[in-house]
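A.B. asks: First, the structure itself, so that you have it in front of you.
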Amino acid sequence: MDGRVGAQNVSQPNPRRVRITERKVSIVEDDAKRLEELTRPLIQWLNETYHPHVAVIVTPVGVELFESYCSVPITDYVPD
1 MDGRVGAQNV SQPNPRRVRI TERKVSIVED DAKRLEELTR PLIQWLNETY
51 HPHVAVIVTP VGVELFESYC SVPITDYVPD
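Mapping the sequence shown onto our numbering, position 73 (from 1) lands on 73, and the numbers just tick up by one.
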């Protein structure tokens, strides 16, 4: 470290990124299975507790529950 606040040693690769490049297909499949295992209880709880107009966003620092009261899909500008 060079003493600066927030400075990172850029010579050290991200271990997760290295792992993905070495065994990408296996990692993606393992991650998908684990993600499903972790989220099934949350999805079940949402369906038992709320209605179809709620969504959950999970980040590394928290979780948020949203409720939609109006949705208007506009796809005219989305490229094919």
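Glycine residues also receive a C-beta, built at the ideal position from the N, C-alpha and C atoms.
For clarity, every value in this text was computed on a predicted model and none was experimentally measured.
Could you check if P60 is buried or exposed, using at least 16 other CB atoms within 10 Å of its CB as the buried criterion?
C.D. replies: P60 should be labelled exposed.
A.B. asks: Thinking C-alpha only, which one of T39, D31, I43 is nearest H51?
C.D. replies: If we check each option's Cα against that of H51, I43 comes out closest.
A.B. asks: Taking the C-alpha atoms as reference points, what is the distance between T75 and E67?
C.D. replies: Cα to Cα, T75 sits roughly 22 Å from E67.
A.B. asks: Give me the Cα-Cα distance between D2 and D31, rounded to the nearest whole angstrom.
C.D. replies: Note that D2 scores a pLDDT of 49, beneath 50, so its modelled location is shaky and nothing firm can be said.
A.B. asks: Taking the continuous beta strand (DSSP E) assigned at T59, which residues delimit it?
C.D. replies: Looking at the DSSP string, the run of the beta strand (DSSP E) that includes T59 is 54-59.
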